[in-house]
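In case it helps, the working numbering puts the sequence shown at residues 419 to 1254.
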Amino acid sequence: KTLKLLDELGDELEKRGYHLSRIALCTRLMPNRSKLNLGKVEIFLVFHFVGFDVSHTIEANVVDQLEEGLKCKTPFVNQPTFFGKKINTRSSKSTLVPGQKPLRKTKMFLPNKLAQYPIPSYIKDCVLNSSGNLEKLIPEISQPLHISNYRKKFSSLLYIEEIHKDEEMKEFDLEMVILRPAGEYLSLNVPGLAEGRPSLLLGDRVIVFFHSKGQQSPSYEGYIHQSMDFKILFIIQVRAEDVLLKFSEEFHNMYCNDDLDVEFYFNRTPLRRFHQAIEFAIHLGEEDKRQIDAVQRIVAGCGRPLPYILFGPPGTGKSVTVVESVLQIFTKIKHSRILVCAPSNSAADLIVERLHNSGVLNKSDMVRLCAFQRSMLNLPECIVQYYVNDSDNISYAIRLRIIVTTCSMAGFLYSFNLKSGHFTHIFVDEAGQATEPECLVPVGFAAGCDESQIVLAGDPFQLGAVLRSDVANEYGLGISYLERLTFLKLYERNEKDYFDVGGYNPLVITKLVNNYRSHASLLRLSSNIFYNRELIPCADERKVNKFVGAFFLPNKEVPFVFHGVRGEDFREGNSPSYFNPAEAVQVLKYVQIIMGEQCLQQDDIGIITPYKKQVEKIRVLLDQFDLNDIKVGSVEEFQGQERECIIISTVRSKEDLVDFDIRHNIGFLSNPKRFNVAITRSQSLLIIVGNPIVLCYDAHWCAMLQYAVINSCYCGVDLPSLQNSLIQENFKQAALLLGIESKRPLSSNLSNEVTVSSSNISNENEVLSSDSYKPNVSFGCSIEPILKKPIYVEPKFEKLNDSINSEIQESGIQLHEFSPGKRSNALLQSIKKKSC
């Protein structure tokens, strides 16, 4: 179509007496040089006349027909936040008829009941009605953390977080809905439930009113239920958009398809356990060489009662080290009682699976304690056999030597009046993903006891807990216990005193550096920015080199693609979430190319995007081509996971909304932890699809873009101009992050500025090629050598396992040398110089 228009233009110019010899057209093509990029593209035209040339740039929007099916179905309607709404007080004005809670198999009589911890009215009024300054009302929340304000600060932040969660739930309240009979239950359709908006769990509470009877009519309490007869039905319905509810017998008898108003409430029990843990806290006062030393120090308990930190960057075998430590303690210290916790059920299940696979433990040695609402569908039998979730077995379970549970569920054990020091060792895996009060639930069992060893395993540079309240996050609730400890002088990096043991005090912290996950080129950027260039690539080369040489790679030697797309982002209906059709289609095309290579299964591919609507749109496309087994989700859903191929869609394309995203911590911008997690999930191939102009407003993404151009891994739309002062500043910061020193004046285009000498790259390889770690210090306590062979062996860590019986030999891993990339728009620049 463009060429036809140009022909017509040429004919018209000829009629007017201009002698046009030819027309040159230049635009960027896909890496395979066969198709235009999707989204907005610039086409550079040169009109050659007799004696002179005229050039002009036009912008076109390249649209794939698949994008038609992704267009907005309904116009976006902006919904006010709860601060702009009238607070719903209807529940407090009517008589409440209690509903039927889900019953346990047997009645439980607990020696020590959990307190209610109601929200103080003055905090609620201040947050909801803006009736005062929070810092004046609760000065502790803005004060530096100290033992004197510890309880007040964290309890207040928990109350603020709860208020936001409660009001967020109110946004999903329903009006004039009908319940359908479903056996002994009543079924309620909840729009958005399948997307987790709202997120409802077994045992959660709802309150309903008869719409026609006014506010003073009785309200009826109901609970999300499960019974043995309807278990399968329940799971199917909840996974769709229905929940099964049970109310009082009176309500079931009288209800007859009347219109109801529905209010949703979340389960307060986890937050109540966090409050309880704060009260206890005020009394607190396959393996490589570093993994071996970490296990030794944990078993010996050299630094107790100080918490021991196992600092594990992505792919370094942190969880494997935790498992090995648990097994060594279990085997060598016969009187030990070990509590192992994690913030999520999936992380706790993974620990149980690995402990079981060791072959060391019997069923009578370990228990996986969980809430009675926890579904065991689709869980491996090796995990299910350790599950205990009813009151019959709790008293038996607490006598076993290893208890594995979530941080929140560990609070249930306080109800049995276990003495301080009952557990000799307390492990918290993925401690960086928990708030400090949540982490204190298991840690509180060591309060007032100098003999218990606390071990926190995690990475302060990855995502923390998900909070609903920006206020609570701003005042520190989002900082994990592990991260806060790393700020203390005892735990901070000190290369002067500990240069030969990785730069940290080995009595209280070990940093793992051998990466068993990713290709060297995919590891380097994260290592440079977040981990002092210390990560060493140790992954199986046969696996991570699978895509080296692939035809679609801009640089055949580097399994990395940064594909620039200038699409448009949209919103639809009442969902605040964004989606970008052009990026969604581009992601699909890469998936089709990769599957066409026939070297991966669908479940080897992961697609990460920060917006739920983009997840939904990408799934629509994948379903059309029977690609249902590919996981699509947010960064949070992929934390702790890995895939051979990761494709990232960044979505945002509107420069005028960048400041809003940064201010409200939306998407990838201004969130280094989210960025770090996203780029470290891949093993052998990483593809980023996004708008380079928008991403350059963030220094970390700007560094990623520079890294791609340096290594000739960039393709797509033209790179951004450096005339924008914010982009120019981020470019300088990005250069520092990458270790590139640019003393020349900044040019007008990013691609001109990132060409660096090959010495920069070879120096990086020097840093990453080996580790000179040779411990040679006295730890001030007796460290007994661990068992001659590792107890836990995982095929993935073959190199690690082979090194257990002898001193670590330098692996001599060969890292690929990257040549500096050519300027990615050289062709366009040369045409401009010749024609203008």
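From the three backbone atoms N, C-alpha and C, an ideal C-beta is built for every residue, glycine too.
Item to check | The beta strand (DSSP E) enclosing S637, as first and last residue numbers | outcome: For the purposes of this step, residue 637 is taken as the residue at position 219 of the sequence shown. 637-642 is the span of the beta strand (DSSP E), which, as asked, contains S637.
Checklist entry - Rounded to a whole number of angstroms, what is the C-alpha to C-alpha distance between I1023 and S1102? => result Residue numbering aside, residue 1023 sits at position 605 when the sequence shown is read from its first letter. Residue numbering aside, residue 1102 sits at position 684 when the sequence shown is read from its first letter. Using only the alpha carbons, I get a separation of about 11 angstroms.
Checklist entry - Does DSSP put S945 in a helix, a strand or coil? => result The count along the sequence shown starts at 1 and reaches residue 945 at position 527. It is helical.
Checklist entry - So I1065 packs on V1005, CB below 8 angstroms; how close in whole Å? => result Numbered from its first residue, the sequence shown carries residue 1065 at position 647. Numbered from its first residue, the sequence shown carries residue 1005 at position 587. Yes, I1065 and V1005 are in contact; Cβ-Cβ is about 5 angstroms, under 8 angstroms.
Checklist entry - Quick one: what's got a C-beta closer than 8 angstroms to L418's C-beta in the same chain, skipping five residues either side? => result Residue 418 cannot be examined here, being either before or after the span of the chain that is shown, 419 to 1254.
Checklist entry - Do Y683 and V624 come within 8 angstroms of each other at the CB atom, strictly closer than that value? => result Numbered from its first residue, the sequence shown carries residue 624 at position 206. Numbered from its first residue, the sequence shown carries residue 683 at position 265. Yes, the pair counts as a contact, with Cβ atoms nearer than the cut-off.
Checklist entry - Curious, which full-length beta strand (DSSP E) runs of at least 3 residues does the stretch 777-844 contain? => result 784-787, 820-824
Checklist entry - Grouping DSSP H, G and I as helix and E and B as strand, with all else coil, what is I578? => result For the purposes of this step, residue 578 is taken as the residue at position 160 of the sequence shown. Three-state result, I578: helix.
Checklist entry - Exposed or buried, which one is H564 when buried takes at least 16 other CB atoms within 10 Å? => result Working through the sequence shown from its first residue, we reach residue 564 at position 146. The residue is exposed, with fewer than 16 neighbouring Cβ atoms inside 10 Å.
Next on the checklist: Can you look up Q1019 in the DSSP assignment and give me helix, strand or coil?
Outcome noted: Start at 1 with the first residue of the sequence shown, and residue 1019 comes out as number 601. Coil, per DSSP.
Item to check | Reference V626; option with closest CA among L663, R615, P616 | outcome: One-based indexing of the sequence shown puts residue 626 at position 208. Among L663, R615, P616, the Cα nearest to that of V626 is on L663.
Next on the checklist: So, with DSSP's three-state summary, where would you put T1068?
Outcome noted: Working through the sequence shown from its first residue, we reach residue 1068 at position 650. Residue state, collapsed to three classes: coil.
Checklist entry - Mapping DSSP to helix, strand and coil, what is A600? => result Along the sequence shown, one-based indexing puts residue 600 at 182. Reduced to three states, the DSSP call for A600 is strand.
Checklist entry - Skipping 5 residues on each side, what residues in its chain have a beta carbon closer than 6 angstroms to that of A442? => result Sequence index remark: in the sequence shown, residue 442 carries index 24 (1-based). Cβ neighbours of A442 beyond the five flanking positions: V464.
Checklist entry - Closest by CA to D1041, which one among F462, E1015, V1003? => result The sequence position of residue 1041 within the sequence shown is 623, counting from 1. The candidate whose alpha carbon is nearest that of D1041 is V1003.
Item to check | Continuous alpha helix (DSSP H) stretch holding D1041: start and end | outcome: If you number the sequence shown from 1, residue 1041 lands on position 623. Taken as a continuous stretch (DSSP letters only), the alpha helix (DSSP H) holding D1041 covers 1030-1042.
Item to check | Proximal residues to L485 (C-beta, below 7 angstroms), its chain only, five neighbours per side dropped | outcome: As a first step, residue 485 must be located in the sequence shown, where it is residue number 67. In the sequence as displayed, the identity of residue 485 is Glu instead of Leu. Around E485: P999, A1000, V1003.
Item to check | For S573, three-class secondary structure by DSSP | outcome: In the sequence shown, the residue the question calls residue 573 occupies position 155. Helix at S573.
Checklist entry - In angstroms, rounded to a whole number, what distance separates the CA positions of I537 and Y638? => result Counting from 1 along the sequence shown, the entry for residue 537 is found at position 119. Counting from 1 along the sequence shown, the entry for residue 638 is found at position 220. C-alpha separation (whole angstroms): 23 angstroms.
Checklist entry - Nearest-angstrom Cα distance between S754 and P1138? => result To locate residue 754, count along the sequence shown from 1; it is residue 336. To locate residue 1138, count along the sequence shown from 1; it is residue 720. Roughly 60 angstroms between the two C-alpha positions.
Checklist entry - Can you tell me whether DSSP reads Y568 as helix, strand or coil? => result Along the sequence shown, one-based indexing puts residue 568 at 150. In this structure, Y568 counts as helix in the three-state DSSP scheme.
Checklist entry - With C-beta atoms as the reference, is K964 less than 8 angstroms away from Y996? => result In the sequence shown, the residue the question calls residue 964 occupies position 546. In the sequence shown, the residue the question calls residue 996 occupies position 578. It is not a contact, given that the beta carbons lie outside the stated cut-off.
Item to check | N- and C-terminal bounds of the beta strand (DSSP E) containing I1106 | outcome: Start at 1 with the first residue of the sequence shown, and residue 1106 comes out as number 688. Here the beta strand (DSSP E) through I1106 covers 1100-1108.
Item to check | Straight-line gap, L953 to N932 (C-alpha atoms, nearest Å) | outcome: Taking the sequence shown and counting its residues from 1, the one referred to as residue 953 is at position 535. Taking the sequence shown and counting its residues from 1, the one referred to as residue 932 is at position 514. Approximately 6 angstroms between the Cα atoms of the pair.
Checklist entry - From this set, E1015, Y535, T823, E986, which residue's C-alpha is nearest F969's C-alpha? => result Reading the sequence shown from its first residue, position 551 is the one you call residue 969. Of E1015, Y535, T823, E986, the residue nearest in Cα terms is E1015.
Next on the checklist: Could you check whether S838 and G882 sit closer than 8 angstroms to each other, using their CB atoms as the reference points?
Outcome noted: On the sequence shown, position 464 is the one that residue 882 refers to. On the sequence shown, position 420 is the one that residue 838 refers to. No; because the gap between Cβ atoms is not below 8 angstroms, this pair is not in contact.
Item to check | Coarse secondary structure for N671, derived from DSSP in three states | outcome: Counting from 1 along the sequence shown, the entry for residue 671 is found at position 253. Looking at N671 - three-state DSSP - the assignment turns out to be helix.
Checklist entry - So which of N807, L858, F1056, L1154 has the shortest CA-CA distance to S573? => result Working through the sequence shown from its first residue, we reach residue 573 at position 155. Nearest option by C-alpha distance: L858.
Item to check | Secondary structure of I734, DSSP reduced to three states | outcome: Taking the first residue of the sequence shown as 1, we reach residue 734 at position 316. Ile is not the amino acid found at residue 734; the sequence shown has Thr there. Reduced to three states, the DSSP call for T734 is coil.
Item to check | Length of the line joining the Cα atoms of G777 and I947 | outcome: Indexing the sequence shown from 1 puts residue 777 at position 359. Indexing the sequence shown from 1 puts residue 947 at position 529. Answer to the nearest angstrom: the Cα atoms are 39 angstroms apart.
Checklist entry - Taking the Cβ atom as the reference point for each residue, do Q1020 and D1047 lie within a distance shorter than 8 angstroms? => result One-based indexing of the sequence shown puts residue 1020 at position 602. One-based indexing of the sequence shown puts residue 1047 at position 629. Against a cut-off of 8 angstroms, the Cβ pair of D1047 and Q1020 comes out as a contact.
Item to check | One or two residues paired with V624 in a DSSP bridge | outcome: Looking up residue 624 in the sequence shown gives position 206. BP columns for V624 point to G640, F682.
Checklist entry - Would you report the Cα separation of F692 and P855, rounded to the nearest angstrom? => result Counted from its first residue, the sequence shown places residue 692 at position 274. Counted from its first residue, the sequence shown places residue 855 at position 437. About 5 angstroms.
Checklist entry - Looking at the unbroken beta strand (DSSP E) that takes in E460, where does it start and where does it end? => result Residue mapping note: residue 460 aligns to position 42 of the sequence shown, counting from 1. E460 -> beta strand (DSSP E) spans 457-467.
Checklist entry - Is there contact between the stretch 716-723 and the stretch 662-680, where contact requires at least three CB pairs shorter than 8 angstroms? => result no
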